[in-house]
Amino acid sequence: MKKNILLVFVIIIALLFAGCDESRQIDKAEIAQTITVSKEDNEIIYSFFMISGGNEPRSFRIPANNLDKAVMLAKNQYIPNITLSKLDMIAYEKTVGKELLISDIGFVSSKPYFSPLIFITLCDETTVNNISKNKEAAEEIKKHIFLIKNKNPAIKYNSLSIFNSFYYHNDSSFEIPYIYSEKEIKSASEKFFSKK
Numbered sequence: 183m184k185k186n187i188l189l190v191f192v193i194i195i196a197l198l199f200a201g202c203d204e205s206r207q208i209d210k211a212e213i214a215q216t217i218t219v220s221k222e223d224n225e226i227i228y229s230f231f232m233i234s235g236g237n238e239p240r241s242f243r244i245p246a247n248n249l250d251k252a253v254m255l256a257k258n259q260y261i262p263n264i265t266l267s268k269l270d271m272i273a274y275e276k277t278v279g280k281e282l283l284i285s286d287i288g289f290v291s292s293k294p295y296f297s298p299l300i301f302i303t304l305c306d307e308t309t310v311n312n313i314s315k316n317k318e319a320a321e322e323i324k325k326h327i328f329l330i331k332n333k334n335p336a337i338k339y340n341s342l343s344i345f346n347s348f349y350y351h352n353d354s355s356f357e358i359p360y361i362y363s364e365k366e367i368k369s370a371s372e373k374f375f376s377k378k
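In terms of the working numbering, the sequence shown opens at residue 183 and continues consecutively.
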C-alpha cells in the first residue's frame, strides 16, 4: 500500500515538473491580421499589423522586395513567433501594388498557412498611412471592399479569386478594389490583365 502511494506521489511530481521547453504557446504567438505594402525612400516596406489589446496598432516594418522575403525575414529576424493563419487583408499602396501584387498572390496561394480568402486591395498613400495610425481603419477598408463587391459582383477581392483570374480564367482583364481617402474613405476599382 505504501509503495502505491509513493508511486502515485512520484508520478504527480514528475508530471508537475515535466514541460515543453521548445513549445509554441498561444500566449506568446504574434498573430498577424493585416499587411500593408508601401514604398519609402525607394525601398519597399511590408508592415505586419498584429492583433493586440491596446488602442494603437502594433506593427513590424520589414524592408523586402516581395512577400516571400518579407515573411522569411519576419520569421527569422523580426517576429519569430509570427502566425499568419489569421491574416485577413493585404493592402498595397497603388504605386507598388501594380508591380508586386501578382507575384505576392502566387506566394500566398502556394502556402498552406495563408487563408485563400485574404482581402486584397490597392490603396492610396493616405489610406495605407491611416492603417498604421488607427486600429479601426482596416475594418473600414473591409466594409468598403464589401460595398464595391455589392455594386460590382465581378470584382475580384480575395487572394483566391485574383489568383484564379490571373492564371486560369480566359478573361483578358479583371478588376480589384481600390480604396482611397480624400476627406472620407471612397472606393473604386483598378484593372489588371491576366497572363493568358
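We put the CB at the ideal spot given by N, CA and C, even for glycine.
CB-CB under 6 Å to residue i, same chain, minus the five flanking residues each way: which ones, in chain order?
{"i": "K331", "result": "I337 and Y339"}
{"i": "A370", "result": "Y360"}
{"i": "L249", "result": "D286 and F289"}
So residue i packs on residue j, CB below 8 Å; how close in whole Å?
{"i": "L283", "j": "Y360", "result": "About 12 Å; that fails the 8 Å criterion."}
{"i": "I302", "j": "S341", "result": "6 Å"}
{"i": "I300", "j": "M254", "result": "The pair is not a contact, with the Cβ atoms about 18 Å apart (cut-off 8 Å)."}
{"i": "A246", "j": "I226", "result": "6 Å"}
Determine the DSSP secondary structure at residue i, reduced to helix, strand or coil.
{"i": "E322", "result": "helix"}
{"i": "F375", "result": "strand"}
{"i": "I193", "result": "helix"}
{"i": "L267", "result": "The question names Leu, but residue 267 in the sequence shown is Ser. DSSP places S267 in coil when its eight states are reduced to three."}
{"i": "I261", "result": "coil"}
For residue i, which residues from the same chain have a beta carbon less than 8 Å from its beta carbon, with the 5 sequence-adjacent residues on both sides left out?
{"i": "L269", "result": "A214, Q215, T216, I217, F296, S297 and I300"}
{"i": "K257", "result": "I264"}
For this session: With a floor of 3 residues, list each beta strand (DSSP E) that falls wholly inside the stretch 203–252, ordered by position along the chain.
Result: 212–222, 225–232 and 240–245
Problem set entry | Runs of alpha helix (DSSP H) wholly within the stretch 287–353 (minimum 4 residues, chain order) | 307–315, 319–333 and 341–349
Exercise. Are there three or more Cβ pairs, one per stretch, closer than 8 Å when the stretch 310–330 is compared with the stretch 218–238?
Worked result: yes
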